[in-house]
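The structure appears below as structure tokens.
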Amino acid sequence: MKYLIMIFSFALAACSSQDAGHKTSEYQSPGKPSAEVAMKYNLTKERVAVGETVTVSVSFDNSAKAIAARFEPTANMVMSGDNIKNFAQAKGDANASYSFEVTPLTEGIHYINVFAKDASVSHEKPFAIRVVAGDKPIEEYLEVNGTLSEDENGEKIIIMKAQENQ
Numbered sequence: 009m010k011y012l013i014m015i016f017s018f019a020l021a022a023c024s025s026q027d028a029g030h031k032t033s034e035y036q037s038p039g040k041p042s043a044e045v046a047m048k049y050n051l052t053k054e055r056v057a058v059g060e061t062v063t064v065s066v067s068f069d070n071s072a073k074a075i076a077a078r079f080e081p082t083a084n085m086v087m088s089g090d091n092i093k094n095f096a097q098a099k100g101d102a103n104a105s106y107s108f109e110v111t112p113l114t115e116g117i118h119y120i121n122v123f124a125k126d127a128s129v130s131h132e133k134p135f136a137i138r139v140v141a142g143d144k145p146i147e148e149y150l151e152v153n154g155t156l157s158e159d160e161n162g163e164k165i166i167i168m169k170a171q172e173n174q
């Protein structure tokens with residue numbers, strides 16, 4: 009039994025002193041698959057009054073392929089124009105552009121969600137366009153989800169409310 013323990017301890021010592029001969033490589037994850045679409049947008053006004061119409065101009069980098077875009081305003085916002093727009097393949101450096109109008113019906117922060125995809129890929133790329141209605145500071149429109157505190161070690165902790173769906 010003593011010999012078995014001595015052999016086992018020598019084997020462990022020999023294994024622990026060996027240098028790992030292989031090196032591991034780091035790889036970057038490509039992230040979620042999405043369409044290779046770039047979007048730029050412009051609003052006629054940064055802030056609008058409730059019921060005031062704002063014009064949104066959207067342009068897509070359309071040099072490579074045809075693009076299909078779906079526009080979805082959040083609740084309490086009315087959009088005039090097509091919700092689905094198809095852009096043909098552009099010639100040269102041209103971009104596909106589209107203008108439409110939205111009208112916020114309530115005070116607060118509203119979004120126009122844009123889902124764009126090129127015609128050859130089934131993946132969509134989401135974008136969001138923010139429209140602020142009202143004259144309060146933006147912080148007053150944001151909802152408080154939790155509180156930030158520190159523990160005895162100085163680490164920051166975010167405390168969130170538990171919420172049950174009924």
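End of the sequence shown sits at 174 in the numbering used here; the numbers just go up one at a time, nothing left out. A virtual CB, placed ideally from N, CA and C, is assigned to each residue, including glycine.
>> Which residue marks the beginning of the beta strand (DSSP E) containing glutamate 148, and which one marks its end?
In response: That residue, glutamate 148, is in no beta strand (DSSP E); its alpha helix (DSSP H) goes 146-149.
> So, are the CB atoms of histidine 131 and serine 42 less than 8 angstroms apart?
Replying inline: yes
> Identify the residues that DSSP records as bridge partners of glycine 116: which are they?
Replying inline: Ala141
>> For lysine 164, which residues in the same chain have their Cβ closer than 7 angstroms to its Cβ, ignoring the five residues on either side in sequence?
In response: Leu156 and Glu158
>> If I follow the unbroken beta strand (DSSP E) through isoleucine 88, where does it start and stop?
In response: Reading off the sequence shown, one finds serine at residue 88, where the question assumed isoleucine. Serine 88 -> beta strand (DSSP E) spans 85-88.
>> Using only the alpha-carbon positions, how far apart do proline 145 and serine 128 sit?
In response: 43 angstroms
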